[in-house]
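To get the numbering used here, take the position in the sequence shown, counting from 1, and add 9.
All residues carry an ideal CB built from backbone N, CA and C; glycine is no exception.
Computed from a predicted structure; not experimentally measured.
The structure appears below as structure tokens.
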Amino acid sequence: MTLEEAEKELELANILNPGKWINHSKNVAKIARLITQKTNVMDSDFAYICGLMHDIGRRFGKSHIKHTLDGFNYFSYKDERIARICLSHSFPNKIIKEYQGEIDIDNFEYNKIERYLNEIEYDYYDELIQLADSYGSADGIVQMEIRWVDVVIRNGINNYIIEKWKKLYSIKQKFEKMYNIKIEEIIGIKDCPTQFST
10 MTLEEAEKEL ELANILNPGK WINHSKNVAK IARLITQKTN VMDSDFAYIC
60 GLMHDIGRRF GKSHIKHTLD GFNYFSYKDE RIARICLSHS FPNKIIKEYQ
110 GEIDIDNFEY NKIERYLNEI EYDYYDELIQ LADSYGSADG IVQMEIRWVD
160 VVIRNGINNY IIEKWKKLYS IKQKFEKMYN IKIEEIIGIK DCPTQFST
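Encoded structure:
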């Protein structure tokens with residue numbers, strides 16, 4: 010998929026199901042590109058495309074966890090790598106129950122997601138989009154914690170959320186150490202914590 014094709018996909022999705030998720034996707038894409046340009050190890054344009062498309066399952070209407078599977082199914086025959094991002098971005102620990110929101114899928118669909126996640130090993134792009142998703146809101150680029158609170162207010166909290174947040178902090182620290190970067194500096198945020206206590 011080219012950058013132009015991804016932008017057209019999002020434009021069409023905005024017609025089908027307009028909402029704040031469009032700007033959120035654009036901000037996630039921007040963050041993914043900025044980080045990848047700085048690491049200089051992967052394709053920053055592809056990172057941007059992954060950010061634009063990670064929530065594309067929302068083109069089919071309002072949904073919760075179902076948007077991950079809708080996006081996966083939609084892209085399965087278009088681009089398998091992007092299809093994977095549509096599914097992996099919501100599950101840093103590969104645990105479906107850590108999803109914040111309604112489990113609006115049936116048992117067959119639930120098992121399909123679980124089986125797929127268990128079969129893959131997350132790579133740079135999977136973790137990049139999980140990270141970018143934690144910084145990109147509909148209104149701009151914000152601190153992780155601000156984004157997390159926003160999601161909690163809208164979708165509630167569950168027993169798995171602390172481990173999910175710890176994993177996202179871990180991904181952030183991994184990127185910063187591996188590539189000798191400071192995420193917040195790259196994306197234009199200052200004075201954010203870079204470590205957590207356990």
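Alpha-carbon to alpha-carbon, Ile105 and Glu194: In the sequence shown, counting from the first residue as 1, residue 194 sits at position 185. In the sequence shown, counting from the first residue as 1, residue 105 sits at position 96. If you draw a straight line from the Cα of Glu194 to the Cα of Ile105, it comes to about 32 Å.
DSSP state of Phe114 mapped onto helix, strand, coil: Reading the sequence shown from its first residue, position 105 is the one you call residue 114. Contrary to the premise, residue 114 reads as Ile rather than Phe in this sequence. Three-state DSSP puts Ile114 in coil, outside helix and strand.
Residue burial classification, Thr203 (beta-carbon count within 10 angstroms, cutoff 16): Position 194 of the sequence shown holds residue 203. Summary for Thr203: the model assigns pLDDT 45, below 50, so the residue's position carries little reliability; its value from the coordinates is reported in the next sentence. Exposed, by the Cβ-count rule.
Option in Ile196, Asn116, Thr11, Lys186 with minimal Cα separation from Lys75: On the sequence shown, residue 75 is found 66 positions in, with the first residue counted as 1. Out of Ile196, Asn116, Thr11, Lys186, Asn116 has the C-alpha closest to the C-alpha of Lys75.
Between the CA atoms of Ile31 and Lys39 - distance to the nearest angstrom: Start at 1 with the first residue of the sequence shown, and residue 39 comes out as number 30. Start at 1 with the first residue of the sequence shown, and residue 31 comes out as number 22. Our two residues, Lys39 and Ile31, have alpha carbons roughly 13 Å apart in a direct line.
Per-residue DSSP class, three states only, for Ile74: Your numbering for residue 74 matches position 65 in the sequence shown. Reduced to three states, the DSSP call for Ile74 is coil.
Cβ-Cβ distance between Asn102 and Lys176 below 8 Å: Residue 102 sits at position 93 when you count from the first residue of the sequence shown. Residue 176 sits at position 167 when you count from the first residue of the sequence shown. In contact: Asn102 and Lys176 (Cβ atoms closer than 8 Å).
contact_flag[the stretch 113–133, the stretch 152–161] where n(CB pairs < 8 Å) is 3 or more: Output reads no: the stretch 152–161 does not touch the stretch 113–133.
When Asn49, Arg163, Asp132 are compared against Tyr188, the one with the closest alpha-carbon: Start at 1 with the first residue of the sequence shown, and residue 188 comes out as number 179. Selected option, being the one with the closest Cα: Asn49.
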